[in-house]
Every structure is written in structure tokens, then in C-alpha cells.
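To start, the structure under review is shown below, and the notes come after it.
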Amino acid sequence: MFRAVESARAERDRLFDDPYAECFLDGKLKVGARLSGNRAGQRLVCSYIDRNWPGSRPSAVIRTKLIDDSVSAALEGGAGQVAILGAGYDTRGLRLPAAMSVPVFELDQPPTQERKKSRLVERDGVLPENVTYVPFDLLEEGVGMPLERAGFGTGRRSVFIWEGVLSYLTPEAVDSTLEWISGTGATGSRLVFTYVDVALLRESGDGQPPWSAQVARVGEPFRYGLDPATIETFLGDRGLRLIWDESTAEALSRETRIRGGGNAPSFYRVAEAEVGL
Ligand SMILES: C[S@@+](CC[C@H](N)C(=O)[O-])C[C@H]1O[C@@H](n2cnc3c(N)ncnc32)[C@H](O)[C@@H]1O
């Protein structure tokens, strides 16, 4: 929804264009996304969202932009394939020019992946040729086997996207995924990911910001977080070198094109790491 609303803004104002985002929406969300195609509708829809879910829309928009830029730069810098872990409705393999010409492996749980594929077929008649859809359950089988079975080239410089997923995993699943990524042998491969600051998970009840209380209410509470103060060591211990790490609030403070950023939470973070020697 947030990506569809942002994509409906005028070309000079929006941070990215995801022309596929709307096709995954139904009902009120679809109506809202369509309404946001003109200035008055955009203001109305954004103020409704921002009043009810303060900070989450600008945070999602800026994280999309940060990750788009990182993925494009890594591919332009020589990476030859992309793996999207817990892809959901990520359409970077279809919309980022640098990703459209390389193999993209989308991993997700089968129900979400099947729904995504059927919406794309309804929209375009076909599925994109460069994308391989890999059904998996990260908690059950990890990422290595499913990716290798699907033809992912280990030892090849790659970009891994892990957006909006870590907070639902276990420490063991996060560790084994990072260790598999760093162990694929592809020096210079990039991992761009989001996480919540572990300090948030220590808050309870009234101490919780509205966003985390909201995700908990819909049955998807944040369960896992990392400490920004130690993330460099955390990644280093798992064979990865931290390149950058910032909260979406910090990133929004540099971005004047997005309104409502003042409410973005400082606990939601985006980071990029590199597979070292
Ligand atoms: C919040 S969505 C994020 C989707 C997408 N990466 C994005 O940022 O728009 C979380 C995604 O992680 C996937 N996911 C969560 N737990 C998973 C697991 N155990 N195995 C595989 N995928 C999982 C969900 O199916 C969903 O697509």
C-alpha cells in the first residue's frame, strides 16, 4: 500500500516508482491507492494513514529508496545475481533497470508467493523471465538448499535483500542465514537488510510505540532485534563487514520530499554489509 501510494505521486516528487504495487491490493486499499493519484487525494490518503499509523508510511518509503539505491549500486558494481529472502510483494526484479537483466531469486512462503504470481499474471499475462520463484520456509530449511536447488550460483558475486523479515525470525535462523551468505565464497557480495533496534523489544505495554503495538495486534509481533551499538561486531563475527547502518528517521531527516517523516521511529533501521575475504 505504501509503495503504491508513493508511486502515485508526480514523477518529480516521488522517491521511486513501483508500478506493480497496486496490483497486489484489494478493496479499500486499492481504492486508497487509486485516490492518491491526484494531489488532493494524495494529501487525504497520506494524512489518514499517518494519523492512524504514525511514521510507518514515511519509514517504509525511505527504506524502499535506500534499498533500491544499494541494490542498483551493487549490480552496477559487478554483482551478477539477486536473492530476495522473504520477498513478499518486492518487485525490484521487475522494476530496477539493473536487476531486470540479471537472475533474481525470490524466496517466500508458498501462499504469499502463489498470490503474488497470480496477480502478476493477471496484470501482464506472463511472469518475468529473469525471476525464479523459490518456495521455502526459512525456519524449516534455511536459505542455502532452496537457493542452490533453484540454480543460484554460489561463489558468484550477489546481492541479498532481507527486508522486513528479521524481526519475525529466531536468533538461530538469523545466524545460520548470515553464515550461509558469508560462506558462499563470493567476496564482495552485498547484503542489505532491515531490523528493529533490540531496545524496542525490551519495552512493554505503554512503553511500546504505536507501530509495534499495532503489528502485535495483527498477530505479527516483532520478536527479534539487533543492537546498533554492536552490529558491526555482530556481523564481523559472522563473516560480514558493515558498510552503513542508519535508522529510517535519520534517513528521512535528509529527505525533504516526504511529509510526516518527523514521526518516523528511530528503532527501525536499514543496513548494508559486505562479504569479506
Ligand atoms: C513484512 S513482509 C516483508 C516483505 C518484503 N520483503 C517487503 O519488505 O516488502 C515479511 C515477509 O517475510 C516472509 N517470511 C516471514 N517468515 C518467514 C519464514 N519463516 N520463511 C519464509 N518467509 C518468511 C513473509 O512470507 C513475508 O513475505
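The sequence shown finishes on residue 283 if you use our numbering, and the numbering steps up by one all the way, no holes. Where is the CB? At the ideal position from N, CA and C, for every residue including glycine.
Asked	Found
Can you tell me which residues fall inside 6 Å of ligand 1, judged by beta-carbon distance to its nearest heavy atom, and keep chain order?	92, 93, 94, 95, 96, 114, 115, 118, 142, 143, 144, 145, 169, 170, 171 and 174
How would you label residue 42, buried or exposed, when you count the other beta carbons within 10 angstroms and need 16 or more for buried?	buried
Provide the residue span of the beta strand (DSSP E) that contains residue 186, from first to last.	That residue, residue 186, is in no beta strand (DSSP E); its alpha helix (DSSP H) goes 177–189.
What beta strand (DSSP E) runs, 3 residues minimum, are completely inside the segment 55–112?	87–91
Please determine, among 28, 160 and 175, the residue with the shortest C-alpha to C-alpha distance to residue 92.	175
Are the CB atoms of residue 251 and residue 270 within a distance shorter than 7 Å?	no
Please list the terminal residues of the continuous beta strand (DSSP E) segment that includes residue 265.	Looking at the DSSP string, residue 265 is not in any beta strand (DSSP E), and its letter there is neither H nor E.
Whether or not the segment 22–32 and the segment 224–238 are in contact is what I'm after, with contact meaning three or more pairs of Cβ atoms, one per stretch, closer than 8 Å; do they touch?	no
Using the rule of at least 16 other Cβ atoms within 10 Å of the residue's Cβ for burial, across every protein chain shown, is residue 15 buried or exposed?	buried
Quick check: the Cα distance between residue 89 and residue 167, rounded to an integer number of angstroms?	6 Å
So, for residue 229: in the same chain, excluding its five sequence neighbours on each side, which residues have a beta-carbon less than 7 Å away from its beta-carbon?	173 and 174
Pull up the distance between the alpha-carbon of residue 243 and that of residue 194, whole angstroms please.	17 Å
With a floor of 3 residues, list each beta strand (DSSP E) that falls wholly inside the segment 123–165, ordered by position along the chain.	137–141
Can you tell which of 154, 52 and 18 has its C-alpha closest to the C-alpha of residue 10?	52
Have a look at residue 145 and residue 187 and give me their C-alpha separation to the nearest angstrom.	16 Å
Are the Cβ atoms of residue 161 and residue 191 separated by less than 7 Å?	yes
Roughly how far, in whole angstroms, is the beta-carbon of residue 55 from the beta-carbon of residue 63, given that I think they are within contact range, below 8 Å?	5 Å
So, are the CB atoms of residue 273 and residue 206 less than 7 Å apart?	yes
Closest to residue 45 by CA distance: which of 17, 67, 104 and 147 is it?	17
Between the C-alpha atoms of residue 82 and residue 104, what's the straight-line distance to the nearest angstrom?	7 Å
Would residue 248 pass as an interface residue toward chain B - the criterion being a Cβ-Cβ separation below 7 Å?	The chain inventory of the structure shown lacks chain B, comprising one protein chain alone.
Which term fits residue 124, buried or exposed, when burial requires 16 or more other beta carbons within 10 angstroms of its beta carbon?	exposed
Would you tell me roughly how many angstroms separate the C-alpha atoms of residue 147 and residue 275, rounded to the nearest one?	26 Å
So what's residue 12 in DSSP terms, helix, strand or just coil?	helix
Hey, residue 76 and residue 196 are a contact pair by Cβ (cut 8 Å); roughly how many whole angstroms apart?	7 Å
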